[in-house]
Structure formats: C-alpha cells, structure tokens
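Only one structure is covered here, and it is reproduced in the block below.
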Amino acid sequence: ETTVTQPAVPALTSLRRTAASQRGAASATSTSAGRSAPTVSSSDGAQVSITTTRHNAANKPTPSSDSSSSQMSARARNSSLPASLSELPPGTDIFISFSSASMAPFALNWVANLKRAGITQILVGALDDKMLQICNEQGIPTLPLDGSSIKDRHAANLRFDYGAYKRMAALKVAFYTRILKSGFNVWACDADTAWMQHPAPFVNEYPMQYADMLTTTDCIDVEGDTRGGCWHVDHNTGLVYMRARPAVLEFTAAWQKKVETSRDVMVRDQAALNLLMRENFKAKAWDAPPDAEGGKQVRPIYLAWNNKIKIARLPL
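UniProt numbering puts the first residue of the sequence shown at 1, with every later residue one more than the last.
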C-alpha cells in the first residue's frame, strides 16, 4: 500500500483514461527544491507524480494576454453563452468537452470530477438534442453544436465513419474559437479525462504564464516527462489549454481550415494541429523574461507554427 502526502498547494492533475491504464504503478519525485511531487491515482490504481514549482501565481495577470485579451472580443461578450458563464470576467478559464447522448456517461463523469475539484466554469457542447436535454436536466451549462453535418453517417460509432469524424473535428475547433473570441481561455478536454485538482497554479506559475498554448502527449515516460516534456512525442488534442490571445485565434482559424481542406480523411483535429505546429519548428527553447520573484524555468517553452505560438507541455 502506498501512502501519498498531498502538498498544501494544488497542481495539475488530469489523467487520460487510455494512457493511465498503461502506466502501472509509476511514481516519481520532483527535482524542484527537493520537494515531493503530488501523486494522482486513476481508477485502475495507477499513480503518477507531477513536477511542480512555486504556485503563488495562480491569480497573477497573464503577460501578453493583458490588454489584448481583455480588449479582444470581451466587448462582444457572447450573449448566447449560458448565464452562468456569460457574466464571468475576461480571462476566465472555461473547461469544455463535447458529447452526444450515447457518450453521456463519460461527459457526466467528467463534470462530476471537475465539480469535486472545485471547478465550476464548465461547458458541454451537445452534439444532439438528447444530450442537450440531459445537460439541461442536470443543470450543466451547455450549448448545442450544429451536428447536422455528422447526423448522416454510415456507422453508429462516429470514429468508424472517417468523413463524419473529420467534420466533427472541424466543429470542435470552431467551437473553441467561439469561446476564445468571447475573451475566455479554453481547457479543451476529451470526456474521458478526470480532473482531481484545479490546474491554474501550474499554467500561471513562472514561466508558463507566457505560453499561448499548452498540450498533452501520450508519453508515459515519467522520467522523460520530468526532464523536458517528451517533445519527441506528438501533441495530443485530448487535453489542450488555449489562452484568449490574438495569436491563438489566428492559430485556431488555421487549425479549422487545415481540418476542413485536407483531402486526407485521417487529418482530423489532432493530426492537423501537429502538422501546423511542426511548420518551421526548431527545437530551441524560448527564453522567458527573468522572473521578478526569482522563479526558475523548470519546463521549456518553444516557438511553434512559424514562430507565432509559444507552446509548452502539460506534465503527466
């Protein structure tokens, strides 16, 4: 039996269901200040440690989202958003997932885990009328997606109808753009993720507050992840953090276009994102400005997509 001592500060604790099942009983300790890393558990008993540093920047304004993100379409605050979200201040993180009624148990579990972690800024994109009804009955903030392009499909499971799945990928990216244009940051989540604590401390601590986007991978190498973030592994769009910044809006427009215009039916949201991020990518870390409080850079930030996007990796 393993006893886990939880530190007094929160850390990013999201696990991909599919990846967690492969991790066994992996654990590691943080190299930062000699402190033990918090450990999270999945439903199969797997344990994975998370490297963290200082967490006192959770409420610090984000550099370069400053005037640009608050001036951006926060003026055009989307009146069609659910009431619980439309009144939130610009720069608020919104946790977003998508579901049809057939996948409702996953979506409801995702919502339940977020609420247990104290996260209430939640939005579910409903892919059909039944899912919209389920969300409304459960009091879950929801918006309908125009799923007409995926209703006429040749397989009950959307994943097996490549054309319909590709169209859904474009719908998802367009939905992210809609929320970003409203001035909100987006946590784009697959419904099979489970949150145990709020991730704000990690993405707002030095130097991660400078990153425009943070992504996950399917890397299950805990030591490699601790050393640098598994940059040899593709980005995984099952969990992506996007800040409401002009560069990110430009990227999501290109992302949606890439999905829609590629003739390859396998180029969906994840493949399209990876293709774009590799454009003129150079494996040289971006140097963040010195931290006034003496913070040290633990995980690298890189310039991607023709040097337009500062991107970092979320830890295991």
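Each residue gets a CB set at the ideal place from its N, CA and C atoms; glycine is no exception.
The beta strand (DSSP E) that contains residue i, what's its start and end?
i      : result
Met242 : Asn236 to Met242
Arg313 : Ile309 to Arg313
My understanding is that residue i touches residue j, with C-beta atoms under 8 Å, so please give their C-beta distance in whole angstroms.
i      : j      : result
Arg278 : Thr217 : No, Arg278 and Thr217 are not in contact; Cβ-Cβ is about 14 Å, not under 8 Å.
Trp255 : Leu239 : With 8 Å as the limit, Trp255 and Leu239 do not qualify as a contact, their Cβ atoms being about 16 Å apart.
Pro141 : Ser84  : 5 Å
Ile309 : Ile301 : Their Cβ separation, rounded to whole angstroms, is 10 Å, which puts Ile309 and Ile301 out of contact at 8 Å.
Ile96  : Gly125 : 7 Å
Met242 : Tyr176 : 6 Å
Val259 : Ala169 : 5 Å
Gln270 : Thr237 : 4 Å
Does the beta-carbon distance from residue i to residue j come in below 9 Å?
i      : j      : result
Leu316 : Ile179 : no
Phe98  : Ala107 : yes
Leu171 : Asp190 : no
His232 : Leu273 : no
Ala244 : Lys181 : yes
Phe281 : Ala247 : no
Pro89  : Leu123 : no
Leu143 : Ser80  : yes
Gly91  : His198 : no
Opposite residue i in the DSSP bridges: which residues?
i      : result
Val124 : Ser97 and Thr142
Ile301 : Ala312
Cys219 : DSSP lists no partner for Cys219.
Cys189 : Leu239
Leu214 : Tyr241 and Ala312
Ala285 : Tyr302
Specify, as a first and last residue, the run of the alpha helix (DSSP H) that residue i falls within.
i      : result
Trp110 : Ala104 to Arg116
Trp255 : Pro246 to Thr261
Pro207 : Element bounds for Pro207: n/a, residue is neither H nor E.
Ser84  : Ala83 to Ser86
Ala272 : Asp269 to Met277
| field | the region 206 to 222 touching the region 235 to 255, judged by at least three CB pairs closer than 8 Å | value | yes
| contact_flag[the region 262 to 271, the region 178 to 186] where n(CB pairs < 8 Å) is 3 or more | no
| field | Stretch-stretch touch, CB-based, cutoff 8 Å, three pairs: the region 192 to 206 with the region 285 to 304 | value | yes
| query | Is the region 191 to 198 close to the region 282 to 291, with three or more CB pairs under 8 Å? | reply | no
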